[in-house]
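Heads up: the sequence shown is residues 709 to 966, going by our numbering. For each residue, glycine too, the CB sits at the ideal point set by N, CA and C. Nothing here was measured: the structure is a model prediction, and the numbers come from that model. One structure is given here, and the rest of the page talks about it.
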Amino acid sequence: MIQLALFALTVLSTFFVGGIYYSLSVMSILLAHEMGHYLMTRRYGIPATLPYFIPFPLSPFGTFGAIIKMKGVIVNKKALFDIGVAGPLSGFAVAMPFTVEGIRLSHVEALSEKAQYLRLGDPLLFKILVRLLIGEVPKDCDIVLHPFAYAGWVGLFVTALNLLPLGQLDGGHVAYAVFGEKTRYVYGSVFVLLGLLAVLYNPGWIGLLVLLLVFGLRHPRPFDMESGIGQKRKLIALLLLAVFALSFTPSPFPSLRF
């Protein structure tokens, strides 16, 4: 089975990037995310493949994540919403213990001009946990992340990226389920904001904008567009908004310092 082979290769590529602790933790987070989607599609009787993991040992993550192919039509907005939220919530839930324990195991180290390292942008959740578990970091020092913490950071980054309310991203599914055809206004606003982030913070966002243009910003309609999603799911949508706010960083890689 090609999915199993790709999974094994991605385990190897993540091991190459960060060692055994990073590989096991980041693969657990990504697997939880994808299986959340897969199990929810099965619940609604929608044919879907097992996740195709994408190994890439030359990236800072060791992988480009994974994808699942759905072969059927989504019945209604409730199904669209549930499939969209299942991945990010599952991945976030698994990322949290790795993040907490990883930060606890990380250490503060004085900066060295000769050392080569990759500086990461801190999402709000990371800043809160660092303050609680490590305390204030001196100006001439920085935190050397334990592999669990780095995997947690990657998990938060992937969660935030997928929750962007655009096109075929998970956030796009959720936004379409909540707002219906009015989602095009949300798409346009977020697309402009990403363009501003690319100009003001990090040109890397241009790559995401290009991919979104290639794959399209339009969202396929569920079979039933008339039925709503109910109050409970609207509250879950607010929870997802909070998860996004805690996980997002406008500049994931502020700089490479040598």
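- Looking at the DSSP output, threonine 771 sits in a beta bridge with Pro763.
- Per DSSP, glutamate 817 lies in no alpha helix (DSSP H) segment; the continuous beta strand (DSSP E) that holds it begins and ends at 815-818.
- Bounds of the beta strand (DSSP E) holding isoleucine 851 are 849-852.
- At least 8 Å separates the beta-carbon of threonine 867 from that of leucine 837.
- Taking the Cα positions, leucine 874 is about 15 Å away from leucine 948.
- The DSSP-derived three-state label of methionine 933 is coil.
- Where valine 783 is concerned, there is no enclosing alpha helix (DSSP H), because DSSP gives it neither an H nor an E.
- Beyond the five residues adjoining it in sequence on each side, phenylalanine 715 comes within less than 6 Å, by CB distance, of Phe761 in the same chain, given in chain order.
- Beyond the five residues adjoining it in sequence on each side, alanine 953 comes within less than 7 Å, by CB distance, of Leu832 in the same chain, given in chain order.
- Remark: C-beta atoms of alanine 803 and glycine 879 do not approach each other more closely than 8 Å.
- With contacts defined by Cβ atoms closer than 8 Å, leucine 826 and aspartate 850 do not form a contacting pair.
- Secondary structure of tyrosine 895 (DSSP, three-state): helix.
- Annotation for valine 725: the continuous alpha helix (DSSP H) segment containing it runs 710-751.
- In the DSSP assignment, isoleucine 944 falls within the alpha helix (DSSP H) that extends over 938-955.
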